[in-house]
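Working notes, structure below.
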Amino acid sequence: MGERERTYWWFVAKRRIVRALIDRHLTRPADAARPKLIDLGCGTGALLRECAHAFDVAGMDTHEAAIEACARDGLDVRFGTLPDAVPFEPGSADVVVLSDVLEHVEEDHASAGAAAALLRPGGLLVCTVPAHPWMWTARDELHHHKRRYTRPAYERVFEHAGLEPVLVSWYNTTLFPLMGAFRLAKRVLPAGRAGPDVTPLPGPVNALLRTLFAIESSRLVRGPLPFGASLISVHRCCG
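For the working numbering, add 4 to where a residue sits in the sequence shown, where the first one is 1.
Written out as C-alpha cells, the structure reads:
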C-alpha cells in the first residue's frame, strides 16, 4: 500500500495539487509559530512526509496497517473515524485535508463540520471528492464509495460548517474525456469482475499520466477549471 501511494500517478499528482493550493491560500503572520497540518484519512502518510518540512503534521486513519507504517517512520497518526471520533483537539490545526474521504462516509455534512472544527481562525480545509453520479460503476462499490457528487450537492456539504469558500473547482480535467468514456463503456458493456483502478503501469506511462494530471496545479492556483472527473475545494475558517 505504501509504495503504491508514494509512486502511482494518481496519488502523486493529487498531492502536488493539494500542496500547491495550500501554498497559494494559507496566510500566516511572519512571526507565527510553525503551522499544523492534519490529514484525515491519511493512508500510509505520503502527504504528511511531503509536508513535514514546512508543517507540524499529524494524521488519522481507520486502517491499523497504515497507522503502524506511519508509526515506524515517526509520524503522529492516530485511529479515528468521522464524524464523531476524531482524535484531535478543536481549533488545533492551520490546515485540514480530506482527500477522497467524504464519499466513504454516511454522514458527509457532519464529517465536513467535524473537520472544520479542527481549524484555527484563518485555517484552510482542503477537500477532494469524485464527481458525476453518471460515472458510477462497480469500481465505486469496490472502493466502498457511498456516492459521487454533483457540484451543487458538494457545495451543500459545507453550507453549515462555518467556512468561507475560497475555491470550488472541477479538477482531473485533462484526463476527463478518457476517464468519462471508460466509465460509460463500463456501464453499457457486459459486466465483468471489477478490478481496482490502481493497476500497475509501465514506468513511462505512469510518468506521463502523472505529468498530465499534476500540471493542473499551476492552473488551479489561478482559478477554477471548467470541467473534470473530480471536485476540489479550499475553504477558510472565518471565526
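Glycine is no exception: its CB is placed at the ideal position from the N, C-alpha and C atoms.
Excluding sequence positions up to five before and after LEU179, its CB lies within less than 8 Å of the CB of LEU213, LEU216, PHE217, ALA233, all in the same chain and listed in chain order. Excluding sequence positions up to five before and after ARG152, its CB lies within less than 8 Å of the CB of GLU107, VAL133, PRO134, ALA135, HIS136, PRO137, MET139, TRP140, ASP144, all in the same chain and listed in chain order. For the pair LEU122 and LEU79, the CB atoms are not nearer than the 8 Å cut-off.
Across the structure, TYR12 and LEU30 are spaced so that their CA atoms are roughly 27 Å apart.
Bridge pairing for THR11: absent [DSSP]. When secondary structure is reduced to three states using DSSP, ALA118 falls in the helix class. For the 8 Å CB-CB criterion, VAL101 and LEU44 form a contact. For ALA142, the secondary structure class from DSSP, reduced to helix, strand or coil, is helix.
In the three-state scheme derived from DSSP, where H, G and I count as helix and E and B as strand, SER222 is classed as helix. Annotation: the continuous alpha helix (DSSP H) that includes VAL161 extends over 155 to 161.
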